[in-house]
Each structure stands twice: as structure tokens, then as C-alpha cells.
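Participant: One structure is given below, represented as C-alpha cells, and several questions about it will come after.
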Amino acid sequence: MTTVTPLPTRAPVTDAPARFRDLLAAEWIKLWSLRSTRWTLPLVFLFVVGVSVHASLADYRNWPRYPAGTRELFHLYGPARDAFPEAGYLLLMLAAASVGALTLVGEYQSGLIRATFAAVPARRSVVAAKATVLTAVMLVLGLVTAATAFWVSQAILSGRDAGWSIGDPGVARAVLGSALLVPVCALIGMGLGAVIRHAAGAVVAATAVLVLLPLMVDSDKHRWIAELRHALPVPAWQRLIEVHPDVLNPDPFPATVTGAWLTFAGWSLAATLVAVAVVHRRDP
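Structure below.
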């Protein structure tokens with residue numbers, strides 16, 4: 024009688040779930056593989072610093088012609104306007120929102136998102152990794168931009184004894200608030216990108232939230248309108264860089280510094296939660 028030797032059975036192969044640090048590494052590679060990231064961020068940094076230098080040099084040249092009253096007001100408001108110019112920061116905010124939107128929209132439009140979810144079914148973890156990497160990169164960009172623009176502009180103004188020091192009351196808060204505005208806008212862009220799933224549509228929506236909406240609710244007649252405006256990201260940033268109280272046009276319903284910080288935190292958390300919920304529930 025012939026005995027048949029059974030073939031050895033192979034142990035079933037089980038794929039270990041991806042660790043969160045592996046997801047962070049993958050999202051880091053994805054973010055820097057975008058041309059928009061490699062080109063946009065350095066160019067925006069140079070543009071913001073360039074606008075700040077231009078404004079500071081203009082005040083430096085015109086300082087001998089400023090009357091005493093203008094010089095006194097400049098000491099209250101001028102250094103902040105030169106260090107954090109609205110024109111430069113407008114572009115910085117929109118660029119950050121665009122990059123944030125592309126972290127999700129780019130994968131949806133290319134179809135790569137299906138491969139991502141096939142490899143990592145835990146969609147919430149994928150979005151959390153995207154938000155973490157995006158926040159870290161944009162925070163570094165914000166810190167470098169705000170610090171560079173501040174110190175360069177104040178170095179120029181110090182030639183007229185018109186600059187601020189980082190140790191002056193409220194100045195460090197202005198620099199930190201300007202730095203944190205960048206990741207806040209990026210997370211808003213990511214949340215809008217998750218909902219809209221179209222790059223141009225997400226950028227338009229971000230422009231409406233960051234630029235147009237504060238203009239629409241700019242009113243000092245009703246408290247509820249003022250409170251609504253204070254709850255928007257850009258007015259919150261404007262409050263944080265306001266080192267001295269507004270003595271020219273005092274606001275009847277002024278915003279608070281604590282409220283501005285809470286606005287930053289609220290928009291960041293809400294945008295991230297929206298992105299997590301939408302990506303988890305909707306099909307790619």
C-alpha cells in the first residue's frame with residue numbers, strides 16, 4: 024500500500040495594518056511630489072518678504088517728510104503693517120488653502136485615492152495623516168515667513184528709530200498669530216476640497232470664506248454681526264496683530280485676543296473633522 028505524503032501547507036499571509044508613522048511618511052512623499060508644493064511655497068515666501076521690505080523701505084524714505092502726528096500714529100500701527108502686509112498675506116492665505124485642497128483633490132481627480140484606500144482601508148487614519156503633515160509643513164512656512172518678514176522690516180525701520188522689538192508687549196503674539204494663520208487656511212482648504220472635490224471650486228470657496236465673507240459682515244451697528252465677523256479667520260488674525268488698541272476708529276464691539284485664538288482652533292478642528300467625516304462616508 025502506497026502512502027501519500029501530504030504537501031506542506033503554507034501559513035496564511037496576513038498583512039499587518041499600516042502604522043500611523045508609515046502613513047505620515049507616505050503623505051509626506053505625496054505632498055512634496057506635487058509641483059504646486061515645490062514651487063508655490065518658496066515663491067510665496069519670497070513674495071511676502073518682498074512686499075514687507077518694499078513697504079518698510081517706503082516708510083524709511085518718507086520718514087523725514089512725516090509730520091509729528093503721523094510719526095506718532097506710525098509707532099502704533101506702522102510696524103505691523105510693514106511686517107505683515109495685507110497684500111502679501113492675502114496671497115499667502117490663498118496659496119496655503121490651495122495646497123491644502125490639493126492634498127485631497129489631487130488624489131481624487133487622478134484616481135490615486137482608490138489605491139490609497141485599497142492599501143489602507145482606515146480612511147480616517149489617512150485623512151488624519153494628511154492633516155498632520157499639512158499642518159506641520161504649513162506651520163514651518165508660516166513661522167519662517169512671519170519671522171523673516173518681521174525682523175527684516177524692523178531692521179529697516181530701526182534706522183529711523185521707528186521699529187518694534189520682539190520683546191515689546193503684544194509683538195510676539197503678532198508674529199505667532201501670523202505664523203498660525205497659514206496652517207489654519209491650509210486646513211480650511213483641505214476641508215473644502217474634501218466636500219467639493221474640485222480644485223478650482225475649492226479655491227473659489229476658500230476665497231469666499233477668507234476674503235469675501237469678512238467684507239460682507241463688516242458692520243459695527245449690530246453686535247451679532249460683529250460677533251459673526253470676529254468668528255472668521257482673517258478678522259481673528261487682524262486682532263492678533265493689533266498690538267495697540269485702535270484709537271482712531273474704536274470698535275463698539277471689539278474682539279478679544281482669547282476669542283481670536285479660539286477662532287483659529289475652532290476653524291482648524293472643524294475643517295479637519297469635516298474632511299474626516301466626508302472622506303469616510305463618501306465613495307471615492
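Numbering (this note's numbering), first residue to last: 24 to 307.
Beta carbons: idealized from backbone N, C-alpha and C, even for Gly.
Model, not experiment: these values are computed from the prediction.
Of all the options P256, A222, W55, which has the alpha carbon lying nearest to the alpha carbon of A207?
Facilitator: First, the residue type needs correcting, since residue 207 is Val and not Ala in the sequence shown. If we check each option's Cα against that of V207, P256 comes out closest.
Participant: Are the stretch 230-250 and the stretch 137-147 in contact at 8 Å, needing three or more beta carbon pairs?
Facilitator: Short answer: they don't touch.
Participant: Would DSSP call T171 helix, strand or coil?
Facilitator: In the structure shown, T171 sits in a helix (DSSP, three-state: H, G or I).
Participant: Taking only the alpha-carbon atoms, compute the straight-line gap between V72 and L115 and give it to the nearest angstrom.
Facilitator: So the alpha carbons of these two residues sit roughly 11 Å apart.
Participant: Quick one: Cα of A195 to Cα of E130, how far?
Facilitator: Roughly 38 Å separates the two Cα atoms.
Participant: Could you please give the first and the last residue of the uninterrupted alpha helix (DSSP H) stretch that includes A231?
Facilitator: Taken as a continuous stretch (DSSP letters only), A231 belongs to no alpha helix (DSSP H), as it is neither H nor E.
Participant: Measuring CA to CA, which of G289, R262, A294 is closest to V280?
Facilitator: Ranking the options by Cα distance to V280, first place goes to R262.
Participant: Thinking C-beta only, is A223 closer than 8 Å to P212?
Facilitator: Going by the sequence as given, residue 212 is Gly instead of Pro. The answer is no: Cβ separation not under 8 Å.
Participant: List the whole-angstrom C-beta distance separating G200 from A298, where the pair is believed to meet the contact cut-off of C-beta under 8 Å.
Facilitator: So it is not a contact: roughly 24 Å between Cβ atoms.
Participant: Run through the stretch 225-303 for me and flag every whole beta strand (DSSP E) of 3 or more residues, listed as ranges in chain order.
Facilitator: Segments of the beta strand (DSSP E) lying fully in the stretch 225-303: there are none.
Participant: Can you tell me whether H221 is helix, strand or coil according to DSSP?
Facilitator: It is coil, neither helix nor strand.
Participant: Decide yes or no for the touch test of the stretch 53-61 against the stretch 117-127: beta carbon pairs closer than 8 Å, at least 3 of them.
Facilitator: Touching, per the Cβ criterion.
Participant: Determine the DSSP secondary structure at V143, reduced to helix, strand or coil.
Facilitator: Coil, per DSSP.
Participant: Using 8 Å as the cut-off, can you tell me whether the stretch 132-143 makes contact with the stretch 77-92, which would need three or more C-beta pairs spanning the two stretches below that distance?
Facilitator: These segments do not touch.
Participant: DSSP on F68, reduced to helix/strand/coil?
Facilitator: Note: F68 maps to helix in three-state DSSP.
Participant: Using DSSP with H/G/I as helix, E/B as strand and the rest coil, what is I189?
Facilitator: Reduced to three states, the DSSP call for I189 is coil.
Participant: Looking at C-beta atoms only, is the number of pairs between the stretch 177-195 and the stretch 246-256 that lie closer than 8 Å three or more?
Facilitator: Counting Cβ pairs under 8 Å, fewer than three are found: no touch.
Participant: Could you check whether P275 and D306 sit closer than 8 Å to each other, using their CB atoms as the reference points?
Facilitator: Their beta carbons are not under 8 Å apart, which means D306 does not touch P275 by this criterion.
Participant: Among the residues of its own chain, which have a CB less than 7 Å from the CB of D105, if the five just before and after it don't count?
Facilitator: So the qualifying residues of the chain are S75, A78, S79, D82, S176, L180.
Participant: Measure the alpha-carbon distance for E265 versus P277 and round it to whole angstroms.
Facilitator: Spanning the two alpha carbons is a distance of roughly 11 Å.
Participant: Taking only three categories from DSSP, how would you classify L113?
Facilitator: In the structure shown, L113 sits in a helix (DSSP, three-state: H, G or I).
Participant: Quick one: what does DSSP say P108 is sitting in, helix, strand or coil?
Facilitator: If DSSP states are grouped into helix, strand and coil, P108 belongs with coil.
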